[in-house]
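Same order as they appear, the protein sequences are chains A and B. Each residue of the first sequence is one higher than the one before, starting from 355 at the first, in the working numbering. Each residue of the second sequence is one higher than the one before, starting from 355 at the first, in the working numbering. Just so it is clear, CB atoms sit at the ideal spot from N, CA and C, and this is done for glycine as well. Presented below is the structure to which this report refers.
Protein chains: 2
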Amino acid sequence: MKEFYGILQACALFCGVQEGELEGMLACLGARKVTLQKEESIFREGDPANFVGVVLRGAVRILRTDFYGNQSIVGQVEPGDLFGEAFSCAGVQALPVSAVAAQPSEVLLLDIHRVLTLCANTCAFHSRIVSNLVQVLAGKNLGLNQKLDIASRRTTRDKLLAYLTAQAKAAQSPRFTIPFDRQALADYLGVERSAMSAELSKLQKEGVLKTHRSQFELL
Amino acid sequence: MKEFYGILQACALFCGVQEGELEGMLACLGARKVTLQKEESIFREGDPANFVGVVLRGAVRILRTDFYGNQSIVGQVEPGDLFGEAFSCAGVQALPVSAVAAQPSEVLLLDIHRVLTLCANTCAFHSRIVSNLVQVLAGKNLGLNQKLDIASRRTTRDKLLAYLTAQAKAAQSPRFTIPFDRQALADYLGVERSAMSAELSKLQKEGVLKTHRSQFELL
DNA sequence: GAAAGTCTGTTGGATTTCCAACAAACCGGA
DNA sequence: TCCGGTTTGTTGGAAATCCAACAGACTTTC
Numbered sequence: 355m356k357e358f359y360g361i362l363q364a365c366a367l368f369c370g371v372q373e374g375e376l377e378g379m380l381a382c383l384g385a386r387k388v389t390l391q392k393e394e395s396i397f398r399e400g401d402p403a404n405f406v407g408v409v410l411r412g413a414v415r416i417l418r419t420d421f422y423g424n425q426s427i428v429g430q431v432e433p434g435d436l437f438g439e440a441f442s443c444a445g446v447q448a449l450p451v452s453a454v455a456a457q458p459s460e461v462l463l464l465d466i467h468r469v470l471t472l473c474a475n476t477c478a479f480h481s482r483i484v485s486n487l488v489q490v491l492a493g494k495n496l497g498l499n500q501k502l503d504i505a506s507r508r509t510t511r512d513k514l515l516a517y518l519t520a521q522a523k524a525a526q527s528p529r530f531t532i533p534f535d536r537q538a539l540a541d542y543l544g545v546e547r548s549a550m551s552a553e554l555s556k557l558q559k560e561g562v563l564k565t566h567r568s569q570f571e572l573l
Numbered sequence: 355m356k357e358f359y360g361i362l363q364a365c366a367l368f369c370g371v372q373e374g375e376l377e378g379m380l381a382c383l384g385a386r387k388v389t390l391q392k393e394e395s396i397f398r399e400g401d402p403a404n405f406v407g408v409v410l411r412g413a414v415r416i417l418r419t420d421f422y423g424n425q426s427i428v429g430q431v432e433p434g435d436l437f438g439e440a441f442s443c444a445g446v447q448a449l450p451v452s453a454v455a456a457q458p459s460e461v462l463l464l465d466i467h468r469v470l471t472l473c474a475n476t477c478a479f480h481s482r483i484v485s486n487l488v489q490v491l492a493g494k495n496l497g498l499n500q501k502l503d504i505a506s507r508r509t510t511r512d513k514l515l516a517y518l519t520a521q522a523k524a525a526q527s528p529r530f531t532i533p534f535d536r537q538a539l540a541d542y543l544g545v546e547r548s549a550m551s552a553e554l555s556k557l558q559k560e561g562v563l564k565t566h567r568s569q570f571e572l573l
């Protein structure tokens, strides 16, 4: 477990916590580590939301399945990121999404009640954690807002450009690698894979970008 | 100002605060009240995000303008609801959205730094406020998630049905009134007004719903 | 290195949306 | 009640997406 302390310290939830304090805190928060194979799910739609997850290794995808069984990718969570915190903090009974490992992964699950409830004894850090949680939730909110910005564009082309420019900005470089293959990107953007591929070709012919597999360069 | 104390007490941010304590708290949080005419804006895209707003009367729409000037409605905020909290809590420099009064309105603006920073003297309630903020942010997160669920549907019909069933569920009744006219609903759903009107007609012919102006009934 | 499986780009027809325009219904004020 | 402005429903052509199918490129496995 100690091998992941670096990840945890870089995690926004534990911002400001000393390494020596982590062990005690994790116990206090009811933490348990879970190891997952690719495609293995951490929770499914309809499950109760009573924990917050921290990705230690690998990556986790948040998926939503619609009435007809069409699957869309809500987001992908990388090491050091949290997931499920909004649902558990809001106290929803049934999760509206599911979470599966995009790769072999390890995640830490924290009991949300222990995170939110101040305990008088050892942990003077609960209020710090709650403050951090505000930051995390606000940041997630921004991410959702950005996703919404993309999703509310009308055309495949506009969605692609909105996503790619955001990625370039995040990478602080016109060259970057995305965490999706074509099918997953289409699921993420909510468009047809074939139409998206065609649009990518067109964008390349127009000299707007270059792409090979998951690597992109905006021109 | 006292006339709005009822609204504030019902507001999730002040949950658990006694009426007698409100006046002191508001002063401590740097609150100032603003009166707005219809269409008047509270903040615009690009403004700094250093406050959180509480709607006291009327309603506020959060708008996003895309590259071509097309406007879309991110959400509508009603009395007792907060807005802008995600951006200010996350500390973004430039707001990605703007906020305008959908009707003649009054809003309360709180200095975000005073909300987040614990002050040792009079206000023992800051930690309570921060806890409440976690709830609010998590709830907003859920709302965004739902909006994303709607926005990521492919067809106008599916978007309409997703939105209307969510509204019916929120109203706990198959009959409900929405806060939009047709154009605003189209902007909210991110579809063409005329195509949406046509789809609504079709849904009525099929016996799925009845609608007159902003009133709907799901069958 | 061959074979099987996966990923990507392309194509064509059916379907849907977009856009502009217009007419009818509705609402508020003179 | 009449008028003018707004909202809503309808229509037709242009454009974009969806869907299914397929071929070539790439990866992995044996």
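Proximity of chain A to B/V484 at the Cβ level (cut-off 8 Å) is accounted for by S481, V484, S485, V488, in chain order.
Residue pairing of A/V490 in beta bridges, as defined by DSSP: absent, with no partner found.
For A/Q425, the enclosing beta strand (DSSP E) begins and ends at 425-431. Residues of the region 425-448 of chain A with a C-beta less than 9 Å from any C-beta of chain B: S426, V428, E439, A440, F441, S442, C443, A444, G445, V446, listed in chain order.
Looking at the DSSP output, A/H566 sits in a beta bridge with A/Q569. In this model, B/R398 and A/T510 are separated by some 28 Å (Cα to Cα). For B/D435 against B/V409, the beta-carbon gap comes to about 5 Å, under 8 Å, which counts as contact. Counting C-beta atoms within 10 angstroms of its own C-beta, B/D535 has fewer than 16 neighbours from the protein chains shown and is therefore classed as exposed. Between the C-alpha atoms of B/D541 and A/S548 there is a straight-line separation of about 27 Å.
Considered as a whole, the region 442-524 of chain A harbours 466-470, 480-505 as its complete alpha helix (DSSP H) runs of no fewer than 4 residues, in chain order. With fewer than 16 other Cβ atoms from the protein chains shown falling within 10 Å of its own Cβ, B/L573 counts as exposed. Below the 7 Å Cβ cutoff, chain A contributes S426, A505, G544 as neighbours of B/S506, in chain order. For A/G400, none of the residues of chain B pass the 9 Å Cβ criterion, the least Cβ distance being about 15 Å. By the criterion of a C-beta distance shorter than 6 Å, A/S568 is surrounded in its chain by T531, I532, once the five residues flanking it on both sides are discounted. Residue nearest to A/L515 within the set A/A538, A/V469, A/T471, A/E571 is A/E571 (criterion: CA-CA distance). Sequence-distant Cβ neighbours of B/S527 in its own chain, meaning closer than 7 Å and more than five residues away, do not exist here. Judged by beta-carbon spacing, A/A492 lies within the 9 Å limit of B/L491, meaning their Cβ atoms are closer than that value. For A/L410, the enclosing beta strand (DSSP E) has its first and last residue at 405-411.
Interface criterion not met: the Cβ of A/K387 is under 9 Å from no Cβ in chain B. Straight-line spacing of the CA atoms in A/Q363 and A/A552 works out to 43 Å.
Taking a C-beta distance under 9 Å as the contact criterion, A/R411 and A/Q430 do not qualify as a contact pair.
Nearest in C-alpha terms to A/L383, of all of A/L390, A/E394, A/Q391, A/F368, is A/F368.
B/F397 is bridged by DSSP to B/A453.
In the DSSP annotation of this structure, the continuous segment of the alpha helix (DSSP H) that includes A/K556 starts and ends at 547-559. Cα atoms of A/Y517 and B/K356: separation of roughly 46 Å, rounded to the nearest angstrom. For B/D465, there are no neighbours in chain A by C-beta distance under 8 Å, as the nearest C-beta there is about 15 Å away. Between the alpha carbons of A/L470 and B/T471 lies a distance of about 18 Å.
Boundaries of the beta strand (DSSP E) harbouring B/I416: 414-419, taken from the DSSP string. In this chain, the beta strand (DSSP E) harbouring A/L390 covers 386-390.
Residue contact with chain B for A/P528: absent (no Cβ-Cβ distance below 9 Å to any residue of chain B). For a Cβ distance threshold of 8 Å, residue set A444 of chain A lies close to B/G493, ordered along the chain. The Cβ-Cβ distance between B/G400 and B/A456 does not fall below 9 Å.
When 7 Å is used as the limit between beta carbons, A/R418 is near these residues of chain B: D503, in chain order.
A check of alpha carbon separations from A/P433 across A/A381, A/I427, A/E439, A/A413 identifies A/A413 as the nearest. If you look at B/F534, you'll find it isn't in any beta strand (DSSP E); DSSP assigns it neither H nor E. In the DSSP secondary-structure assignment, A/F437 is bridged to A/G407.
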